[in-house]
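Under this note's numbering, the letters of the sequence shown match residues 41 to 228, in that order. Structure record follows, encoded as structure tokens.
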Amino acid sequence: MGVPIASFDDFSSKLVQRREEAAIFGVLLFDSRPSQKVVKSSTEAQTEWLDDFARACGIYFFYPLQKRGKKFKNPSPDIARIFSIPTAKLPGILMFAPPNPDGTIRADYAVYIQLADADFSKPSVYEPIFDDLSQVVGEAKVPASSTQEMLAHVRDGVRRLKARKLRRKLVVSLKDGAEVLLVKIQWL
């Protein structure tokens, strides 16, 4: 249930149409900085896989996509502004609650996962990120009784993933020859 979006209005209308069909939604955010062209290219090349990711999570996952001959204005900066995410924190994945019945977005029910531009340079880098997120979302659905509780579980799961990623980086650097020096500190 990947949903390509071509503008903020397109995002808003598609979100309102689907608001009762999922407990949480996701959106890939990136802007037009030269350093983020790799994110745009990856998105364009992986639309089928993004749809598979969304279906595996049981969510609607929006992503900016310019289709040939169609008008396009990347909605990411507008979406980021609503959720108080500085554009300096892009790219990333935003998980959020369905909009209110009047169509307004509940910005307080959201989890943002900041990613690095380099995360999109190779499938071997970004696929595990999305796989981990899919697992976190799946695990969050089981014990949750509300959208807010589910997003809290996602937030906690993302925190665990970040800690694991840091541990992984340490292990990789140890394999690559970094030295560990244990120091005994004496307090006076």
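Glycine is no exception: its CB is placed at the ideal position from the N, C-alpha and C atoms.
What is the DSSP secondary structure of Leu-134, reduced to helix, strand or coil? Here Leu-134 sits in strand by DSSP.
Alpha carbon of Lys-202 to alpha carbon of Ala-180, nearest angstrom: When rounded, the distance between both Cα atoms is 16 angstroms.
For Phe-51, name the three-state secondary structure that DSSP assigns. Note: Phe-51 maps to helix in three-state DSSP.
Straight-line CA distance for Ala-158 to Arg-108? Distance between the alpha carbons of Ala-158 and Arg-108 is about 26 angstroms.
Note down, in chain order, each residue of its chain lying with its Cβ closer than 7 angstroms to the Cβ of Phe-51, except the 5 sequence neighbours on either side. So the list reads Ile-45, Phe-102, Pro-115, Ile-119, once near-sequence residues are dropped.
Grab the span of the alpha helix (DSSP H) containing Gly-178 for me, first residue to last. First-last of the alpha helix (DSSP H) with Gly-178: 163–181.
Beta-carbon contacts of Asn-140 that lie in its chain and below 7 angstroms, excluding the five residues immediately before and after: In its chain, beyond the 5 residues on either side, Arg-146 have a beta carbon closer than 7 angstroms to the beta carbon of Asn-140.
Quick one: using the 10 Å Cβ neighbour count with 16 as the cut-off for buried, is Gln-76 buried or exposed? Counting other Cβ atoms within 10 Å of its Cβ, Gln-76 reaches 16 or more and is therefore classed as buried.
Under three-state DSSP, which class holds Gln-76? Three-state DSSP puts Gln-76 in a helix.
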